[in-house]
Amino acid sequence: MRKCTAFQDIFDIAGIGRVRSASRSTLIPLETAAEFIVSPLPSTNYHPPSLTRVFKNASISVRGATTPGRCSLSYHADDPFSVWNPFDQSRFNLTVCFKYSLYLIPFLVILVNGSLDPYKLSSRPVIPPKSTSRNLIRLSELTYISKLLLILIVLVIQLAYSSILFLRSGWWDPVESLSQLVVLVSLLYAIPLHHLSHQRSQRSSTSLLFFYLFFLITSAIELRSHLDHSLLHQHPHQTSFLILRSSLVTALFILECLGPFKYGDHVFSFGKDGYEALPQDDPARAGSDLANHRSESPLIYANVFSRLTFGWMTPMMKLGKSQYLTEDDLWMLPREDQTDALTNRLHQTWRRQISRASSSPSLIRAIAQAYGGPYLLAALFKLIQDVLQFTQPQLLRRLLSFADSFSPGSQPEPVYRGYMIAGLMFSCGFTQTLFSHQYFNQALITGNRIRSSLIGVIYQKSLILSNEEKSGRATGDIVNLMSTDVSRIQEGCTNGIIIVSGLFQIILAFFEQASVRATETTNGQSRFAEQADERDSEQHPIDQAIHLGKHIYRQVIHHKE
9 MRKCTAFQDI FDIAGIGRVR SASRSTLIPL ETAAEFIVSP LPSTNYHPPS
59 LTRVFKNASI SVRGATTPGR CSLSYHADDP FSVWNPFDQS RFNLTVCFKY
109 SLYLIPFLVI LVNGSLDPYK LSSRPVIPPK STSRNLIRLS ELTYISKLLL
159 ILIVLVIQLA YSSILFLRSG WWDPVESLSQ LVVLVSLLYA IPLHHLSHQR
209 SQRSSTSLLF FYLFFLITSA IELRSHLDHS LLHQHPHQTS FLILRSSLVT
259 ALFILECLGP FKYGDHVFSF GKDGYEALPQ DDPARAGSDL ANHRSESPLI
309 YANVFSRLTF GWMTPMMKLG KSQYLTEDDL WMLPREDQTD ALTNRLHQTW
359 RRQISRASSS PSLIRAIAQA YGGPYLLAAL FKLIQDVLQF TQPQLLRRLL
409 SFADSFSPGS QPEPVYRGYM IAGLMFSCGF TQTLFSHQYF NQALITGNRI
459 RSSLIGVIYQ KSLILSNEEK SGRATGDIVN LMSTDVSRIQ EGCTNGIIIV
509 SGLFQIILAF FEQASVRATE TTNGQSRFAE QADERDSEQH PIDQAIHLGK
559 HIYRQVIHHK E
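Residue numbers (this note's numbering): 9 to 569.
What follows is the structure in structure tokens.
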């Protein structure tokens, strides 16, 4: 039996001694694998179509996430080396090229979300430490230095890991090389973000938190592939680099979640009332601004995960569990939510409306410019929640279809699809809950801001009214404006998104019903066509007999004539 030396040379270069069959889970010796191209194997009954298919299947099954064949950006339904095919049909895993393309997600996160962070943070002044504890200030500086050292170590590890991948593969794969390059660029971009966030921000960087989170997820997927293919013993150095890199990125993520705790003592612990009590017997501290600092809202220092889950409310919830809450237990409002700041913001936008000679001033446009950003964000949260709400029935229908595939007489679907559908259903429900709560929170905050600013503007206007203007108005007109009319505007802001959301839900419902009706109609038409074919097949001999009888009758009449 003739052997293929080219196939042997390929696996000698790669350093692989055994090859896994793509159609079976058994390991095949390399000598036998070299004979795949010439004749089928009696032991496996495997009939490879070509050298390319055997090489691709062997590469994706054995080397897994380490050194695949050349990835392709084009789409082919049966090509495991296309980045658009996420799932490996032979086992519960992702394809190699798709796993490399996942590294673009953290890069896009830090590029899109963090592109404006250097500009925003550099325009802010350096914030001095507010904490009264020198130990916390020292710990904050130590944490900052630790972050920089860790990210430098991760950079060195990433360079070594990329070099190993390139040396082992022996060729320049565009997808693999791009994935390693974007990781290096992202880590380099994270260094100035760490520096600016530490000096000029009171909370953790949202861009860095999401970058480390998605980077950990993609690294965990790649590490899982290494352990799944037993590459720990075949390539221990590469697996060790992955484990070390993932561990250091986890440490960076935890340190970034803690945030710059030099701005407040309440980052680590709270007193029984949500903040530490002041020693009133100290004349140097009693009555000072430190009391206001102690009652600052934790929302100022809360990171994005604490805001999404409302974790910053935990001290208040604990206090409310143990005793009745009073006004003294409440935190101060953030500076941007206080009445004077809100009124000044509305005054500025109103002056800009007046200064524009090309258009008449509009109070609605002024309010939209002052407080429209969070309101649009709330509308986006609501629309995403509506989409996820209509996604759940589709996933449930797909799950029932997956369960029906295991009935007798049906072709069972791969088991991993069931896990995927269940995971997607959980993720949709979890994300829907987060976005629903954030929608209500942002809508209520925007309504309260508009109400406070309008009341402040009306009150300031009432102080400078002339006597003639006051005489022409009733005593309770101004009070009604501040109490009734402004409250209606607040309620309109809170419930205004529901109008857009209702129309959007109607459109989604129509599309869903149309898809269901189209499927049912197609199935019904197919069934009617099958029944018509059955009737035609049953009546076909009778029609032939009738046609034959008519033909014989015509011939007899013609013969008599």
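The beta-carbon is built from N, C-alpha and C at its ideal position, and this holds for glycine as well. Please read these numbers as outputs of a predicted model, since none were measured by experiment.
Please list the terminal residues of the continuous alpha helix (DSSP H) segment that includes residue i.
{"i": "S435", "result": "423-471"}
{"i": "Y383", "result": "371-412"}
{"i": "R315", "result": "312-317"}
{"i": "S363", "result": "347-363"}
{"i": "P114", "result": "112-120"}
{"i": "S330", "result": "322-330"}
{"i": "E335", "result": "Unbroken run through E335: none, as it is neither H nor E."}
{"i": "G484", "result": "483-488"}
{"i": "D493", "result": "First-last for D493: undefined, no H or E at that position."}
{"i": "E476", "result": "475-479"}
{"i": "Y127", "result": "125-130"}
Would you kindly work out how many angstroms separate the C-alpha atoms of residue i and residue j, rounded to a whole number?
{"i": "L156", "j": "I199", "result": "7 angstroms"}
{"i": "S370", "j": "D493", "result": "17 angstroms"}
{"i": "G455", "j": "E184", "result": "49 angstroms"}
{"i": "I453", "j": "Q210", "result": "21 angstroms"}
{"i": "M433", "j": "S523", "result": "20 angstroms"}
{"i": "V117", "j": "L124", "result": "12 angstroms"}
{"i": "P382", "j": "V423", "result": "43 angstroms"}
{"i": "F219", "j": "L462", "result": "40 angstroms"}
{"i": "Q400", "j": "L316", "result": "22 angstroms"}
{"i": "P310", "j": "S479", "result": "It is Ala, not Pro, that sits at residue 310 in the sequence shown. Using only the alpha carbons, I get a separation of about 50 angstroms."}
{"i": "I472", "j": "I466", "result": "10 angstroms"}
{"i": "Q450", "j": "S131", "result": "26 angstroms"}
{"i": "L201", "j": "S474", "result": "54 angstroms"}
{"i": "L391", "j": "L150", "result": "43 angstroms"}
{"i": "I505", "j": "T441", "result": "17 angstroms"}
{"i": "F261", "j": "K329", "result": "32 angstroms"}
{"i": "P323", "j": "C265", "result": "18 angstroms"}
{"i": "F518", "j": "S509", "result": "14 angstroms"}
{"i": "V193", "j": "P268", "result": "25 angstroms"}
{"i": "E476", "j": "I497", "result": "28 angstroms"}
{"i": "F115", "j": "Y197", "result": "10 angstroms"}
{"i": "T483", "j": "S491", "result": "14 angstroms"}
{"i": "S82", "j": "L129", "result": "Unreliable placement is indicated for S82, whose pLDDT of 49 sits below 50; the coordinate value is still reported in the next sentence. Cα to Cα, S82 sits roughly 41 angstroms from L129."}
{"i": "L307", "j": "Y332", "result": "22 angstroms"}
{"i": "F443", "j": "L160", "result": "36 angstroms"}
{"i": "G282", "j": "T334", "result": "The pLDDT assigned to G282 is 42, lower than 50, so where the model puts this residue is not dependable, and the model offers no usable value."}
Taking the Cβ atom as the reference point for each residue, do residue i and residue j lie within a distance shorter than 8 angstroms?
{"i": "R353", "j": "Q361", "result": "no"}
{"i": "F389", "j": "Q468", "result": "no"}
{"i": "T357", "j": "A378", "result": "yes"}
{"i": "F512", "j": "D394", "result": "yes"}
{"i": "S233", "j": "R253", "result": "no"}
{"i": "S187", "j": "S248", "result": "no"}
{"i": "F410", "j": "G431", "result": "no"}
{"i": "L204", "j": "V162", "result": "no"}
{"i": "S215", "j": "G319", "result": "no"}
{"i": "F414", "j": "E520", "result": "no"}
{"i": "W1", "j": "S363", "result": "Limits of the chain in this structure are 9 at one end and 569 at the other, which puts residue 1 out of reach."}
{"i": "F5", "j": "V257", "result": "Here the chain comprises residues numbered 9 to 569, so residue 5 is not present and cannot be evaluated."}
{"i": "Q207", "j": "V134", "result": "yes"}
{"i": "L385", "j": "T439", "result": "no"}
{"i": "S148", "j": "L263", "result": "no"}
{"i": "S460", "j": "I486", "result": "no"}
Pop quiz: residue i and residue j are said to be a contact at Cβ under 8 angstroms. What is the actual Cβ separation, rounded to whole angstroms?
{"i": "I515", "j": "I458", "result": "So it is not a contact: roughly 29 angstroms between Cβ atoms."}
{"i": "V191", "j": "Q166", "result": "6 angstroms"}
{"i": "A259", "j": "L158", "result": "6 angstroms"}
{"i": "E230", "j": "K326", "result": "In fact, because the Cβ distance is near 40 angstroms, the residues do not count as touching under 8 angstroms."}
{"i": "L341", "j": "G464", "result": "Wrong, their Cβ atoms sit about 14 angstroms apart, outside the cutoff."}
Does any heavy atom of the ligand HEM sit closer than 7 angstroms to the C-beta of residue i?
{"i": "Q361", "result": "Absent from the structure shown: the ligand HEM. Ligands present: none."}
Tell me, please, whether the CB atom of residue i is closer than 8 angstroms to any CB atom in chain B?
{"i": "V134", "result": "Although the question refers to chain B, the structure presented lacks it and comprises just one protein chain."}
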